[in-house]
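Everything on this sheet refers to the single structure shown next.
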Amino acid sequence: MRGVVFDGRSVRVVDDLEVRDPGPGEVLVAVAAAGLCHSDLSVLDGTIPFPVPVVLGHEGAGVVEAVGPGVTHVVPGDHVALSTIANCGACAECHRGRPTMCRKAIGMPRQPFARGGTPLYQFAANSSFAERTLVKAVQAVRIPKEIPLASAALIGCAVVTGVGAVLNRARVAYGDSVVVIGTGGIGLNVLQGARIAGARPIVAVDANPAKEEAARRFGATHFLPSAQGVADVLPTGADHAFECVGRVELVRQAVDLLDRHGQAVLLGMPQATAEASFVVSSLFLDKSILGCRYGAARPQRDFALYAELYLAGRLLLDELVTRTYGVEEFARARADAEAGRVARAVVVF
Ligand SMILES: [Zn+2]
Ligand SMILES: [Zn+2]
Numbered sequence: 504m505r506g507v508v509f510d511g512r513s514v515r516v517v518d519d520l521e522v523r524d525p526g527p528g529e530v531l532v533a534v535a536a537a538g539l540c541h542s543d544l545s546v547l548d549g550t551i552p553f554p555v556p557v558v559l560g561h562e563g564a565g566v567v568e569a570v571g572p573g574v575t576h577v578v579p580g581d582h583v584a585l586s587t588i589a590n591c592g593a594c595a596e597c598h599r600g601r602p603t604m605c606r607k608a609i610g611m612p613r614q615p616f617a618r619g620g621t622p623l624y625q626f627a628a629n630s631s632f633a634e635r636t637l638v639k640a641v642q643a644v645r646i647p648k649e650i651p652l653a654s655a656a657l658i659g660c661a662v663v664t665g666v667g668a669v670l671n672r673a674r675v676a677y678g679d680s681v682v683v684i685g686t687g688g689i690g691l692n693v694l695q696g697a698r699i700a701g702a703r704p705i706v707a708v709d710a711n712p713a714k715e716e717a718a719r720r721f722g723a724t725h726f727l728p729s730a731q732g733v734a735d736v737l738p739t740g741a742d743h744a745f746e747c748v749g750r751v752e753l754v755r756q757a758v759d760l761l762d763r764h765g766q767a768v769l770l771g772m773p774q775a776t777a778e779a780s781f782v783v784s785s786l787f788l789d790k791s792i793l794g795c796r797y798g799a800a801r802p803q804r805d806f807a808l809y810a811e812l813y814l815a816g817r818l819l820l821d822e823l824v825t826r827t828y829g830v831e832e833f834a835r836a837r838a839d840a841e842a843g844r845v846a847r848a849v850v851v852f
């Protein structure tokens with residue numbers, strides 16, 4: 504089968520990839536579509552260190568092909584969106600409703616793939632840039648068949664990361680003010696999460712004026728080319744400022760934009776060793792800085808909710824899919840994503 508493989512030096516599309524059959528508690532999924540997220544590119548440039556060779560992709564949706572012993576919540580033929588959290592389901596973190604904090608789901612990459620007898624790692628417990636992939640049962644979330652799979656694919660990273668950060672981590676309340684720095688795939692989803700939460704105003708900040716139309720469609724009430732103008736809209740500061748770019752000077756900017764009791768939520772991904780600074784006394788008025796892994800999601804609950812909101816017209820998915828590419832066109836999808844020409848490039852099989 505075909506798939507996108509990175510060997511530590513170059514990335515290429517291969518057609519001799521194999522995946523093993525599902526064992527107990529596992530689901531084999533025929534991937535229909537997978538978004539190209541910045542995190543895939545971060546593996547290629549070393550920002551995210553990951554063992555190689557590895558099959559890339561982590562934002563996919565498809566059709567269940569087979570299930571292993573003990574799997575009862577999905578059956579072959581079901582449509583599923585794939586989560587990247589291979590949590591155990593049996594530890595204290597899982598049972599306090601924090602599967603993203605499960606210690607068995609971080610830093611233990613598996614090798615369900617092989618090429619010519621050599622095992623390949625699975626990126627983000629997912630590897631959706633492959634015609635078929637193998638996930639744990641908790642990761643396969645059944646979705647209604649009315650949702651186009653190229654759109655449903657984005658639930659598993661861009662949507663859950665952005666909307667989840669707003670609803671689960673920041674817990675933005677009705678009428679809260681929100682500033683979103685950066686309006687790429689994650690930023691647009693923070694904007695629509697803020698809209699769903701009933702935030703107002705919702706101020707998007709992006710230096711690229713071409714992003715304004717999409718930002719407003721997703722929920723921005725204001726669009727500014729830089730943070731300088733935020734004080735005109737929010738004279739006392741923001742209740743929530745989301746950094747969605749991954750630059751330390753913008754992290755600082757998010758902190759400096761906060762109102763009393765405000766919180767800065769860091770979603771962008773700078774280099775792993777990057778350090779940011781802030782004036783300590785600027786946090787004294789009950790302000791906070793929050794990290795957020797994967798939208799603090801509970802995928803079986805949240806993905807189903809996002810699917811419902813999509814069908815009700817309240818969550819935008821189709822608008823995130825700028826273009827689809829056959830897997831053979833991966834290099835072009837990568838070039839378009841790196842140049843910022845697309846909200847999401849989606850690879851289809
Ligand atoms: Zn991602
Ligand atoms: Zn666990």
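My numbering numbers the first residue of the sequence shown as 504 and each following residue consecutively.
Don't be surprised by glycine CBs; every beta carbon is placed ideally from N, CA and C.
None of the values given here were measured: they were computed from a predicted structure.
Just the Cα atoms here: how many angstroms apart are Ser-513 and Pro-554? 14 Å
Inter-stretch contact (C-beta, 8 Å, three-pair minimum) for the segment 569 to 579 and the segment 541 to 557: Remark: fewer than three beta-carbon pairs, one from each stretch, lie closer than 8 Å, so the segment 569 to 579 and the segment 541 to 557 are not flagged as touching.
Coarse secondary structure for Tyr-677, derived from DSSP in three states: coil
Is the separation between the beta-carbon of Val-681 and that of Ser-586 shorter than 8 Å? The answer is no: Cβ separation not under 8 Å.
Through-space distance from Val-754 to Leu-727, alpha-carbon basis: 17 Å
Cutting at 7 Å between CB atoms, please list the residues of its own chain near Thr-776, excluding the five before and the five after it. Apart from the 5 residues on each side of it in sequence, Thr-776 has no Cβ closer than 7 Å to any other Cβ in its chain.
Please return the same chain residues whose Cβ sits closer than 6 Å to the Cβ of Asp-519, not counting the five positions on each side in sequence. Arg-618
Ala-661 versus Gly-538: straight-line alpha-carbon distance, rounded: 9 Å
Between which two residues does the beta strand (DSSP E) harbouring Gln-756 extend? Element bounds for Gln-756: not the beta strand (DSSP E) but the alpha helix (DSSP H), 751 to 759.
With Cys-594 and Arg-606 assumed to form a contact (beta carbons below 8 Å), what rounded beta-carbon distance in angstroms separates them? Sure, about 7 Å apart at Cβ, within 8 Å.
Using a Cβ-based criterion (distance less than 7 Å to any ligand heavy atom), does Gly-592 qualify as near ligand 2? yes
Could you tell me whether any non-hydrogen atom of ligand 1 is closer than 7 Å to the CB of Cys-660? yes
Using a threshold of 8 Å, state whether the C-beta atoms of Phe-806 and Ala-535 are closer than that. No, they are not a contact pair.
Looking only at C-alpha atoms, which of Leu-691, Glu-832 and Val-638 sits nearest to Glu-822? Leu-691
Since Ser-791 sits in a beta bridge, which residues does DSSP pair it with? Its beta-bridge partners are Gln-766.
Cutting at 6 Å between CB atoms, please list the residues of its own chain near Ala-655, excluding the five before and the five after it. Ala-564, Ala-584 and Ile-646
Assumed close pair Leu-760, Val-733 - CB separation to whole angstroms, cut-off 8 Å: 6 Å
Residue ranges of each beta strand (DSSP E) within the segment 586 to 633, 3 or longer: 616 to 618 and 621 to 625
Closest residue to Ile-684 among Leu-559, Ile-658 and Phe-745 (Cα-Cα distance): Phe-745
So, at 7 Å on beta carbons, what are the nonlocal neighbours of Glu-562 in its own chain, with the 5 sequence-adjacent residues on each side left out? Annotation for Glu-562: Ala-537, Gly-538, Cys-540, Ser-631, Ala-656, Leu-657, Gly-659, Cys-660 and Ala-661 place their beta carbon closer than 7 Å to its own, counting only its chain and skipping 5 residues before and after.
If contacts are defined as beta-carbon pairs under 8 Å, then Val-508 and Val-517 qualify, I think. What distance do you get, rounded to the angstrom? 5 Å
Tell me whether the segment 795 to 805 and the segment 596 to 606 touch, counting them as touching only if at least three CB pairs, one residue from each stretch, are closer than 8 Å. yes
Express the C-alpha separation of Ala-589 and Pro-525 in angstroms, rounding to a whole number. Near 15 Å, if we compare the C-alpha coordinates of Ala-589 and Pro-525.
Is it a yes or a no for the segment 780 to 798 touching the segment 713 to 723, going by three-plus beta-carbon pairs under 8 Å? no
Beta carbon of Gly-506 nearer than 8 Å to that of Glu-634: yes
Nearest to Pro-773 by CA position, among Phe-781, Arg-750 and Ala-628, is which residue? Arg-750
Please determine whether the Cβ atom of Lys-607 lies at a distance below 7 Å from any heavy atom of ligand 2. yes
Can you say whether Pro-579 is buried or exposed, counting buried as having 16 or more other CB atoms within 10 angstroms of its CB? exposed
Can you tell me where the alpha helix (DSSP H) with Gly-696 in it begins and where it stops? Gly-696: member of the alpha helix (DSSP H) spanning 688 to 700, first to last residue.
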